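Everything on this sheet refers to the single structure shown next.
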Ligand SMILES: Nc1ncnc2c1ncn2[C@@H]1O[C@H](COP(=O)(O)OP(=O)(O)OP(=O)(O)O)[C@@H](O)[C@H]1O
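Numbering (my numbering), first residue to last: 8 to 328.
Below is the structure:
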């Protein structure tokens with residue numbers, strides 16, 4: 008049993024099945040990522056886990072407590088960082104944190120101490136005196152995370168923590184998340200940034216159309232699909248006219264031409280370079296560079312889900328605006 012156990016969880020909105028019978032466990036102290044495109048069911052899942060919406064069916068156990076029957080008890084041990092900022096625009100950063108702490112019944116002295124500590128930890132001490140509405144998007148996100156951990160929760164739920172903010176703030180937030188893990192927190196994070204999930208998550212679940220299609224560590228996910236070897240050749244001209252000849256001459260290889268002056272040689276086995284170079288040389292084609300392309304988690308995601316990486320990127324950019 009994990010610190011979080013979700014079994015056969017389902018959420019329907021009328022005809023729409025947003026979350027379709029998913030089950031997973033989160034171990035204490037791990038960063039568990041939910042990775043999927045827009046509309047995959049990430050927010051619907053997190054909202055059921057934190058008690059913002061009621062499941063159509065299924066079970067959620069958090070730290071041994073039934074989270075559907077006993078959400079108030081659960082809310083004391085979890086921290087929530089929604090995908091949209093939920094703090095008061097007119098209040099300054101310090102007061103926002105103290106107000107959040109008061110909701111958990113923390114004493115005034117303790118509230119102020121904790122707020123100051125968090126402002127310092129999140130590099131917001133100076134900004135703490137300014138109204139929240141004057142913060143940049145990155146600063147707003149950081150203060151929202153600080154508010155989510157004001158009561159020192161065991162488990163933190165982060166919905167798209169770096170969507171729509173600048174690169175440097177996103178980097179700082181990833182560092183903060185890793186620091187929280189070091190402090191022993193368990194973290195559930197939803198994202199549609201593959202690189203982010205790869206960098207910080209101990210385990211990742213791919214979610215598409217409300218279903219979990221794969222769960223594992225990055226290494227397990229990489230090993231779960233049949234690996235292809237790829238070599239990219241940079242050439243002095245296009246090899247469109249000899250593509251077929253190349254494929255016929257090199258055993259078990261296929262050739263793709265992504266750009267005018269380059270090609271990809273792809274095979275299930277390791278690729279020997281010399282016969283390729285010899286053939287190209289005999290055709291008077293110069294090779295400027297030959298580089299092995301290592302598979303990425305993005306390749307695995309595309310293979311497992313059938314969703315094109317470019318589609319995921321486009322959606323990411325759209326949201327990031
Ligand atoms: N309140 C609602 N009423 C009706 N349909 C909803 C509601 N909330 C979500 N949905 C639908 O459920 C599906 C899953 O949505 P959800 O917001 O959980 O996905 P998501 O993975 O978080 O997407 P995003 O990355 O865009 O936030 C979508 O088809 C969405 O339109």
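For each residue, glycine too, the CB sits at the ideal point set by N, CA and C.
Fair warning: this is a prediction, and the values are worked out from it, not measured in the lab.
Between ligand 1 and residue 223, a heavy atom-to-CB distance of less than 6 Å is absent. As DSSP reads the structure, residue 261 sits in a beta bridge with 273. By the Cβ test, the stretch 115-129 is not in contact with the stretch 44-53, since fewer than three Cβ pairs between them sit closer than 8 Å.
The stretch 78-91 makes contact with the stretch 153-170, as at least three CB pairs between them are under 8 Å. For ligand 1, a non-hydrogen atom lies closer than 6 Å to the CB of residue 45. Straight across, the Cα-Cα distance linking residue 238 with residue 278 is about 8 Å. A residue is called buried when at least 16 other Cβ atoms come within 10 angstroms of its Cβ; residue 136 does not meet this threshold and is exposed. In terms of Cα proximity to residue 270, the closest of 259, 276, 287 is 287. If one requires a minimum length of 4 residues, the alpha helix (DSSP H) runs lying completely within the stretch 39-101 are 49-56, 78-82, in chain order. Secondary structure of residue 103 (DSSP, three-state): helix.
The Cβ atoms of residue 36 and residue 170 do not sit closer than 7 Å to each other. Within the same chain, and ignoring the five residues on either side of residue 24 in sequence, the residues whose Cβ sits closer than 8 Å to its Cβ are 17, 18, 217. In the DSSP secondary-structure assignment, residue 164 is bridged to 87, 195. Residue burial annotation: residue 40 is buried, with at least 16 other C-beta atoms found within 10 angstroms of its C-beta. At a cut-off of 3 residues, the continuous stretches assigned as beta strand (DSSP E) that sit fully inside the stretch 226-250 are 236-242. Listed in chain order, the non-local C-beta contacts of residue 80 below 8 Å within the same chain comprise 72, local neighbours out to five positions each way being set aside. Taking the Cβ atoms as the reference, residue 220 lies roughly 6 Å from residue 311, within the contact range of under 8 Å.
Here residue 131 carries a coil assignment [DSSP, helix/strand/coil]. When DSSP states are grouped into helix, strand and coil, residue 27 belongs to the strand group. The distance from the Cβ of residue 213 to that of residue 42 is about 6 Å, consistent with a contact at the 8 Å cut-off.
Rounded to the nearest angstrom, the gap between the Cα atoms of residue 263 and residue 198 is 31 Å.
Taking the Cβ of residue 19 as the reference point, every heavy atom of ligand 1 lies at 6 Å or farther away. If you draw a straight line from the Cα of residue 146 to the Cα of residue 292, it comes to about 53 Å. Taken atom to atom, the span from the alpha-carbon of residue 188 to that of residue 178 is near 16 Å.
Per the coordinates, the alpha-carbon of residue 215 lies some 7 Å from the alpha-carbon of residue 44.
DSSP places residue 299 in the strand class (E or B) of the three-state scheme. Within the model, the alpha-carbon separation for residue 256 versus residue 282 is close to 8 Å. For residue 207, the uninterrupted alpha helix (DSSP H) run begins and ends at 201-207, by DSSP. Here the alpha carbon of residue 13 sits roughly 55 Å from the alpha carbon of residue 248. Burial is judged here by how many other beta carbons sit within 10 angstroms of a residue's own beta carbon; residue 149 has at least 16 and is buried.
With respect to the 7 Å criterion, residue 129 and residue 94 are not classified as neighbours on the basis of their beta carbons.
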